[in-house]
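A.B. asks: Below you will find the structure I want to go over with you.
2 protein chains.
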Amino acid sequence: MKISSILFSTLLLVIISFSASMTQTKQTLNLMPYPKSVEFTGGEFRLTHSFAIGIKGNPDKRIFAYATRVLRRLSGRTGLFVPQDFITETTTADTFAMDLIIKRPGKVELGEDESYQLVVKNNKVTLTAENEIGAMRGLETVLQLIAADKKGYYLPGVKIDDEPRFKWRGLMMDVCRHFFDVAVVKRNIDGMAAMKMNVFHWHLSEDQGFRVESKLFPLLHEKGSDGLYYTQEQIKEVIQYGADRGIRVYPEFDLPGHSTAWFVGYPEFASAPGPYKIERNWGVFDPTFDPTKEATYEFLDKFIGEMAALFPDEYFHIGGDENNGKQWSANPGIQKFMKENNIPDNHALQTYFNKRLLGILTKYNKKMIGWDEILQPDLPKDIVVQSWRGVKFLVESAKKGYMGILSNGYYLDHIQTAEFHYLNDPVPGDTVFTPEEAKLVIGGEVTSWAELVTYETVESRIWPRTAAIAERFWSPQSVRDVEDMYRRLAVIDIQLEELELTHIKNYEMMLRRLTMGADITPLKIFADVVEPVKKYHRHFQGVKYRQHSPYTRVVDAARPESMTARKFRLLTDRYIAGDKSVKTEMLSMLKSWEQNHSSLLKLMDSSPVLREIDTMSSNLAEISRFAIAALEGKKQLEKVAKKVNLNDRLAAAAKPYGQVELMLTAPVEKLVRYVQGKK
Amino acid sequence: MKISSILFSTLLLVIISFSASMTQTKQTLNLMPYPKSVEFTGGEFRLTHSFAIGIKGNPDKRIFAYATRVLRRLSGRTGLFVPQDFITETTTADTFAMDLIIKRPGKVELGEDESYQLVVKNNKVTLTAENEIGAMRGLETVLQLIAADKKGYYLPGVKIDDEPRFKWRGLMMDVCRHFFDVAVVKRNIDGMAAMKMNVFHWHLSEDQGFRVESKLFPLLHEKGSDGLYYTQEQIKEVIQYGADRGIRVYPEFDLPGHSTAWFVGYPEFASAPGPYKIERNWGVFDPTFDPTKEATYEFLDKFIGEMAALFPDEYFHIGGDENNGKQWSANPGIQKFMKENNIPDNHALQTYFNKRLLGILTKYNKKMIGWDEILQPDLPKDIVVQSWRGVKFLVESAKKGYMGILSNGYYLDHIQTAEFHYLNDPVPGDTVFTPEEAKLVIGGEVTSWAELVTYETVESRIWPRTAAIAERFWSPQSVRDVEDMYRRLAVIDIQLEELELTHIKNYEMMLRRLTMGADITPLKIFADVVEPVKKYHRHFQGVKYRQHSPYTRVVDAARPESMTARKFRLLTDRYIAGDKSVKTEMLSMLKSWEQNHSSLLKLMDSSPVLREIDTMSSNLAEISRFAIAALEGKKQLEKVAKKVNLNDRLAAAAKPYGQVELMLTAPVEKLVRYVQGKK
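Structure (structure tokens):
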């Protein structure tokens, strides 16, 4: 029976009810991103101590180390003492439990074939791929297939045919606002590989830091980085690390704005006289390259030449966003230049600058990619527009014949839900793109901006939400069952930890620091149901964040999406829909919240840093009482309503404190209205 | 009132009862290692957003970055938005909440002054030190002094006078059996600095891996490391990292045994013909340098010359341990050489080898340190003997006038308690050393051997137990109140997490992997009361461990010391001593263990890797029932004893499963015997 991924979740339910012999595993495949096609063939391959992998064909050698790492992860999850120390090309074929059959070496470049076919039979696992990059994608699927029953671990009998929907599936890391060392970058690249992503966009320069060693212009990193930069050796190491996982690594140097840190060492290229200091605040700042000086282009030519040699990828990101034009407007020399050259406004001046940049990139055999502001006439057709301001800019660029990738809707620092990002499709079903235009949308990139994250929290913002987006980039458009996504995401979330990612484990670590050694339980009960405020509201609530502010408070520990609140929301919806069986579980949750406040108050005495959530903790207890009353019936709720103004109190509970939001207010309000008969 | 640390814990109790005005903080200073002298002067310094640090005097510049990191940690713990971005030498004095007054630049070498004086007054904190290394030690004390009340955070008014008892306070990391990358090494060095340790001993070569790049003999790392080695740039980076924290970094190259990995690239220096392969098993192996060939010394001269230039420390560790002599005895050429040169046995041959090595070290201005086997006549008096086999070798070396450091009793891989290590004193009160000999015992080193640990678990073996040993090395001999040590260790344990150490957070991460996404609670309840088997018993229970075995099972997740079991043990002792008030708490613990088995059984169905602890989980439930019956009284216990043979069942519960031990058997047996009236 063939299950097309288009309808897989619906059909699965049908199949399960028809097929009594089907084991539980088949209902609960935890694949993410879900493959193009999964066919259940019956039976299963039992994993034992003698499991081993053989590789046939003509792959690039990097597959040997990759497959060895996969074997270690399989062994780590199952506790199986598998005998292979290393998978090497010298191993003889046909004696292996699992064969990798790979036609040719792959190239780590845009558009490379990443397809694979996986067949799991009772006595053999066969993974076939055009090149080793496809094989890597398939190996990740094998790890996700591992299932267990009383007898041990196994892979269910399947035939999987898989390939990506989009060819550009990226993660952008801002390492400038806060710096992340090579270890952090590497483990996030590992996470990307596990999620079949293939582009790492390295945002390397900003007002707040210049993060790469330049041998030609050493004052860039020496004066612009506080000593926090990557050496060229480290850059090469990361590029190699990406390539070994089938992941392109390309740099962004944001020009002409976002460039304060450049001018600390080289003020002569700015549009206003220096001296400059590394920016410590957040926002959009004035310092901008002077596009009217030839010296600027001589400098950029040499610098880009140096970086072009360092980064082998064909694409080179020149930023181009958020130039406020203030330095240009205030500089008489620049104004004179504009008049003399018939450049009507700052936008046109940036167009002029970009054209000069394009010439430099072309000289070094690089193709341009930039934020959507770069879109202008007369650009070559191989450039890529990265849309951060919205899908309309993708449409605009596609209409002009330019390739585009979507980042709008994938801004992790907006603190949206996995669901929100998951349903944000570069080319949705009801797209306004013509089929020809749609082809120009070649993928998307998740963006991890780093104003409000440090090495302690950046991974909890990237993962697991990026896994949901990775599925959007890889799987067929029709794979969009939100509930099934969350079910699988919960498992994938934990598997990502084996790559040393700290997205789960730093949560309680941060709670422990906040409570200074006291029992964290009351704080965890609270933090489990709050989320940081959304969009950029954190900057507008009376707290002035700077580069070296403490990012260690409750709002930083709190996860971007409260799974506990989500669960309560779903239970509430079921209750309102008439399923009263959920009442017991709801009451149990509500009582733990109601009783939590006094314990948390006690904690605050020894941890004054928690004072800022005092009121919200009290509100949590109060709305929990409302919900308990509502579950007890209309009369009980009316009793409560006589004592307090429910509307006022629910409105009060919706207010943020300490930059966190209480995620239970909406479902409690819904429940109250339902019981009141108001909806 | 001056509290000498000699009697601090006893006196503290007296003072507390006499002084009603004393705040709670003063009873509960969480300093570790405890200072030589702490005087409470009353009052307190309130920490506010305007806290800032100024540095006066003539320190080495490294103090500026160190103090800045301390300020960030203070801000991170308290949530205070302190204004200083960086502490620099250009800041003007006298406007700071805290002054560092430092006389001269320090030297990162054996015997450097590490003393400091700290005075906390209501309006000023003053830290005075001979050099910046002492100031670093004092800054760590400041962080540990942070206390809180309802009004906020503060430092209690104190006058602290502190200096170390021993001048060599080391941690040895074996990075050969399993490799740990630079990030892991660095964060452990951070942990050392927090605990005022000052020597990092880097065990860089072994049968199972050669871990440093050699430019003169590149086949050493190319063929001997599986690609897992430190580049010379990375070595320099770590040495600098240590120096920036007042920590010496010196290398060990284990010779002439433990050297298989060298011979993979250079078989010609072995005592038997090659080829050699990197050893994948654990144990003592035959491959040994050929001490009779001049080529061996020419090679070692060049290699040691290269490494001597790389490592600036005056000491250089030549290993010298566990040469089994088999290759020497089996080699006719070596036998002939011994006869011709009147070398009676293998021990004498190693003495000859060591003398030649000593010549090479001397040529490169290095002093020799080695394991206690190196002890032999005619060595210069500046060598250091590292005793791994017992204090008697320290005595022997001291009697001969040699300096020694103790490692016996500090073997983390023996999986002993913090208490065991803590009470293991290099020069105990009842020492057999004469005062002159005692002076030759200059300290000790914790050893972290890496057969059974990976990057996921190594830190949970090092921390927090190493913190207790660090106190042994730093604090006066008389500081040995075990209960107070554990009280402080619980707080310090959590503070160590801010240095990115994974010793706490990887525990639940590993449990999550074992349960594949299911609720970990039943597994955690179990794992909380077991410990890995002690000494090297793991190797003798039917499981053959190799380099690439899975180190991800329950035994690996389990902590070396169960604090839950310790707590139950203490409660049991109190109960037996007549304090029946603990009964409720004991019953509550026992019931959770009794009820856990069925939940854990269910988990095993989906996590077969847990099957190995099935019997022990059942035993846990059973002995919990015994203990509950015992707490209910003699009659109830007798009822149980009629149904099962208590002695047999308790003996059965003492048996290890899955290489873990159930740490509750002893206290339950004690309780049962007590109620039976047998003791």
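Line by line, the protein sequences are chains Z and L. Oh and the first sequence: position 629 is 622 in my numbering, straight run, nothing missing. Oh and the second sequence: position 641 is 634 in my numbering, straight run, nothing missing. Cβ atoms here follow ideal geometry from the backbone N, Cα and C, with glycine treated the same way.
1) Using a Cβ-Cβ cutoff of 9 Å, what residues of the stretch 388 to 407 of chain Z are near chain L? List them in chain order.
2) Any beta carbon of chain Z sitting closer than 8 Å to that of L:THR71?
3) For Z:TYR290, name the three-state secondary structure that DSSP assigns.
4) Would you say Z:ILE455 lies against chain L (beta-carbon separation less than 8 Å)?
5) So Z:LEU507 packs on Z:SER600, CB below 8 Å; how close in whole Å?
6) Any beta carbon from chain Z within less than 8 Å of L:VAL602's own beta carbon?
7) Taking the alpha-carbon positions, what's the L:LEU482 to L:GLU307 distance?
8) CB-CB under 7 Å to Z:LEU624, same chain, minus the five flanking residues each way: which ones, in chain order?
9) Among the residues of its own chain, which have a CB less than 6 Å from the CB of L:ASP338, if the five just before and after it don't count?
10) Along the stretch 263 to 289 of chain Z, where does the CB come closer than 7 Å to a CB of chain L? Name the residues.
11) Taking Z:GLY510 as the query, report the chain L residues whose CB atoms sit under 7 Å from its CB, ordered along the chain.
12) Can you give me, in chain order, the residues of the stretch 593 to 626 of chain Z that have a beta carbon less than 7 Å from any beta carbon in chain L?
13) Can you tell me whether L:GLU261 is buried or exposed? The criterion is at least 16 other CB atoms within 10 Å of its CB, across all chains shown.
14) Could you check how far apart the C-beta atoms of Z:SER441 and Z:ASP167 are, in whole angstroms? I think they sit under 8 Å.
15) Would Z:GLU524 and Z:MET656 be called neighbours here (beta carbons separated by less than 8 Å)?
16) Would the stretch 564 to 571 of chain L count as touching the stretch 467 to 484 of chain L if we require 3 or more Cβ pairs under 8 Å?
17) Quick check on this structure: which residue in L:ILE398, L:PRO373, L:GLY394 has the alpha carbon closest to the alpha carbon of L:GLY383?
18) Along the stretch 513 to 546 of chain Z, where does the CB come closer than 9 Å to a CB of chain L? Name the residues.
19) If we ignore side chains and look at the alpha-carbon of each, how far apart do Z:VAL665 and Z:THR608 end up?
20) Given that Z:SER68 touches chain L, what residues does it touch there, using C-beta distances under 9 Å?
21) Report back the beta-carbon spacing between Z:LEU372 and Z:GLU389 to the nearest angstrom; my notes put them in contact at under 8 Å.
22) Between the alpha carbons of Z:VAL231 and Z:VAL101, how many angstroms are there, rounded?
23) Just mark L:LEU209 as buried or exposed, buried being the case when its beta carbon has 16 or more other beta carbons within 10 Å.
24) With 8 Å set as the bound, which would you pick, yes or no: does the beta-carbon of Z:VAL653 sit closer than that to a beta-carbon of chain L?
25) What did DSSP end up calling L:PRO284 once you bin it into helix, strand or coil?
26) Is Z:ILE182 closer than 8 Å to Z:PHE173 when the C-beta atoms are compared?
27) Grab the span of the alpha helix (DSSP H) containing L:VAL484 for me, first residue to last.
28) Take every Cβ of the stretch 419 to 426 of chain L, pair it with every Cβ of the stretch 480 to 497 of chain L, and state whether three or more of those distances are shorter than 8 Å.
29) On a Cα-Cα basis, can you pick out the residue from L:GLY651, L:ALA60, L:TYR223 that is closest to L:MET300?
30) By Cβ distance below 6 Å, which residues in the same chain neighbour Z:ALA302 in space, the five residues on each side in sequence not counted?
31) Say whether the stretch 87 to 95 of chain Z touches the stretch 43 to 51 of chain Z, bearing in mind that this needs 3 or more beta-carbon pairs closer than 8 Å, one atom from each stretch.
32) Between the stretch 140 to 165 of chain L and chain Z, which residues of the former have a C-beta closer than 8 Å to a C-beta of the latter?
33) Output needed for Z:PHE292: all residues of its chain with C-beta closer than 8 Å, excluding positions within five of it in sequence on either side, in chain order.
34) For L:MET502, would you say it is in contact with chain Z, using Cβ-to-Cβ distances shorter than 8 Å as the test?
35) Within the continuous alpha helix (DSSP H) that includes Z:ASN334, where are the two ends?
36) Smallest Cα separation from Z:PHE533: which of Z:GLN652, Z:TYR269, Z:GLU631, Z:TRP321?
C.D. replies: By the coordinates alone:
1) none
2) yes
3) helix
4) no
5) 6 Å
6) yes
7) 33 Å
8) LYS576, MET579, LEU580
9) none
10) ARG273
11) ALA483, VAL484, ILE487
12) ASP598, SER599, SER600, PRO601, VAL602
13) exposed
14) 6 Å
15) yes
16) no
17) L:ILE398
18) VAL536, LYS537, TYR538, ARG539, GLN540, HIS541, SER542, PRO543, TYR544, THR545, ARG546
19) 21 Å
20) HIS541, SER542, PRO543, THR545
21) Wrong, their Cβ atoms sit about 13 Å apart, outside the cutoff.
22) 14 Å
23) exposed
24) no
25) coil
26) no
27) 475 to 488
28) no
29) L:TYR223
30) none
31) yes
32) ALA141, ASP142, LYS143, LYS144, GLY145, TYR146
33) PHE210, TYR259, PHE262
34) yes
35) Premise fails: Z:ASN334 is in no alpha helix (DSSP H) and is neither H nor E.
36) Z:GLN652
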